[in-house]
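Take the position in the sequence shown, starting the count at 1, then add 1193; the result is the number in this note's numbering.
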Amino acid sequence: MGRVEGKVAVITGGAGGLGKVTAEYLLKEGAKVVIVDLFEESLEKTKKELSVFGEVLAVQADVSKEEDVENYVKAAVDQFGSIDIFFNNAGIVGKIAKTVDTKAEDFDKVIAVNLRGVFLGMKHVLQVMEKQGSGSVINNSSIDGLAGGPQRVAYSASKGSVKNFV
């Protein structure tokens, strides 16, 4: 029996990188996994690859849009009945530029995905977890959240905010 046998995990940014690796690990440990990602093609490919390890639901969503977040939370609960683990992992680096060369719209996009996405995910997943009386949330930050990286003003600001969010 796996360490998370029968638990339900929702992973944003689940179609690649750390999200995909985490999904595979949790599936091997017995969890049912919902992978959420913006990119539908990557999402379907990843779902197919991960399905050999267990039950996977793939949901296309933009984590910065509240309606999309509501939809992935509802899909998880409708499919599996609960959300026990939430890995708030989706994030983007954005354009690499000095602060004086960073466009406001580029800054806003990174903040929308990396910070607003974390807030919206927590807002809606925590409602489910409160009703259940249990659950775990993991918000993914970065070393840039501790000490800003060069020419990554929006990314560093967003990850510092995530680190201090909970």
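Glycine included, every Cβ here is placed at the ideal spot set by N, Cα and C. Computed from a predicted structure; not experimentally measured.
With at least 16 other beta carbons inside 10 angstroms of its own, A1251 counts as buried. By the C-beta criterion, the region 1229-1247 is judged not to be in contact with the region 1286-1301, since fewer than 3 inter-stretch pairs fall below 8 Å. The beta-carbon distance between L1236 and A1202, rounded to whole angstroms, is 16 Å. This is too long to meet the 8 Å contact definition.
Secondary structure in the region 1215-1278: the alpha helix (DSSP H) runs of 4 residues or longer, each lying completely within the stretch, are 1233-1243, 1259-1273 in chain order. Under the DSSP definition of a beta bridge, N1332 partners with N1281. Leaving aside the five residues that flank K1288 on each side, the residues in its chain whose CB is nearer than 6 Å to its CB run, in chain order, D1299. Residues of the same chain with a CB within less than 6 Å of the CB of N1333, apart from the 5 flanking positions on each side, are N1282 in chain order. Judged by their CB atoms, V1256 and G1310 are nearer to each other than the 7 Å cut-off. For T1205, DSSP records a beta bridge to V1229. Of Q1344, L1319, V1346, the smallest CA-CA separation from E1263 is found for L1319. Annotation: the continuous alpha helix (DSSP H) that includes G1314 extends over 1310-1325. With respect to V1227, A1269 sits close: the two C-beta atoms are nearer than 7 Å.
Look at A1290 here: in three-state DSSP terms it is strand. Beta-bridge annotation (DSSP): R1345 is paired with A1290. Taking a contact as a CB-CB distance under 8 Å, the pair T1205 and G1314 counts as one, their CB atoms being some 6 Å apart. Between the alpha carbons of R1345 and A1216 lies a gap of roughly 28 Å. Ranked by Cα distance from I1331, the options F1312, E1222, F1246, I1304 are led by F1312.
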